[in-house]
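One structure is given here, and the rest of the page talks about it.
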Amino acid sequence: MWCSCGPQRGRVDRELQLEAVKKGTLESLGFKGPPGRKEEAQEQEMRRRMQLFYEELLELHRNTSRADETEPALRRPPTVLSSAQEPLKVSQSCPYGDRFRAIFNKTHLIRKELTVAHAQMKISGEFHHQSRSGNSQQLSQAVQIKIYRRDDEMKMHFEKKALVLTKVFYGKSLIVNTGVPVEEWNLNSEEPLVLEVEFVMCGSWCLQETPRISLEMEISTPEPKRRRQRRRASKDEDCEEDECCCRKSLTVSFKDIGWSDWVVAPESYTMYFCAGSCPHNYKPASMHTQIKSRVYHLTKGATPRPSCVPAAYEPMLLMHYNSDGKLTYTLFNELVVSKCHCA
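In UniProt numbering, the protein residues as written are 1 to 343.
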């Protein structure tokens, strides 16, 4: 923790901090020392590069703001709907039918203001081959399955059906993705969702029993609409007189540290750092931090206490000459501290 104990101590601390910044920046760029220019960029080329730099900087700030303001969605446990179903086509050879209407009713858990993150339909059933001798044999080949969505909300004299998908059924169960029709149903209708499942048989294969059809939905709930706190720190993050864990500022001028010959932009920036004490339950990063603080007090300082460290950063874009003397850009994602906490 740095503290200000007179002008002389403050000046020494600043010099040490700037030296640490210089070494850290050079190491991040992979330089042993400041690179020298091999050629001076022409005025027109420099102007073009600066324009590109500020465009990149603007886009970077836009992306940061967009990420900060996005509301995260809270996913609920999956909702499983069992269908009320009825056979549509029954014959003597296939008494259980080969085409079924599955009807799914909305519950209080399914509302249009919620988002369907994922939806899938599970179909289970056994197919047998009925021979002339009366013996049955389990399915040994694939059966094609077609799923339609029926829409008769218009109360017309005809039914409107749309093919949702075609799949191959092999075995005793099949899971198909039905996200698109389920999302449309959730947004646009309060009526039951009606899906028709058709098994395209070959020969004398037929269902041994009525299939079991269910719909599993993952619903996500957006957080209440409120403007989330931006990562760009407010004055609340900056230090006050109590000297508890907070953010202190350090202005770095590339001209003052002798780097203006190879760092083009920005000319300076404010590098914040975290400092101050961490009393119990003050800005704890996690439950582990709270336990760590309790153990520190119980052992009378025999174990480490929580330290004031960065909790979030803002990106910074640097335009500079590289080791080959060419102008380039480098993005530092974890250089400018925007928030501090105890950990």
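Built from N, CA and C at the ideal position, the CB exists for glycine as well.
Here S268 has T251, V252, S253 and F254 as same chain residues with Cβ atoms under 7 Å from its own Cβ, once five neighbours each way along the sequence are excluded. A straight line joining the alpha-carbon of S220 with that of Y148 spans about 26 Å. The distance from the Cβ of I103 to that of V197 is about 11 Å, inconsistent with a contact at the 8 Å cut-off. The C-beta of V337 has 16 or more other C-beta atoms within 10 Å across all chains shown, which makes the residue buried. Under the DSSP assignment, Q120 falls in the beta strand (DSSP E) whose first and last residues are T115 to S124. For N186, the number of other beta carbons within 10 angstroms of its own is at least 16, and it is reported as buried. With a cutoff of 8 Å on beta-carbon distance, E218 and A311 are scored as not near each other. Bounds of the alpha helix (DSSP H) holding Y296 are M287 to L298. The beta-bridge partner set that DSSP reports for Y313 consists of V337.
F100 and T115 have their C-alpha atoms roughly 28 Å apart. Under the three-state reduction of DSSP output, L109 falls in the coil class, being neither helix nor strand.
In the three-state scheme derived from DSSP, where H, G and I count as helix and E and B as strand, H61 is classed as helix. Secondary structure note for N322: it is in no beta strand (DSSP E), with a DSSP letter that is neither H nor E.
The DSSP-derived three-state label of E218 is strand.
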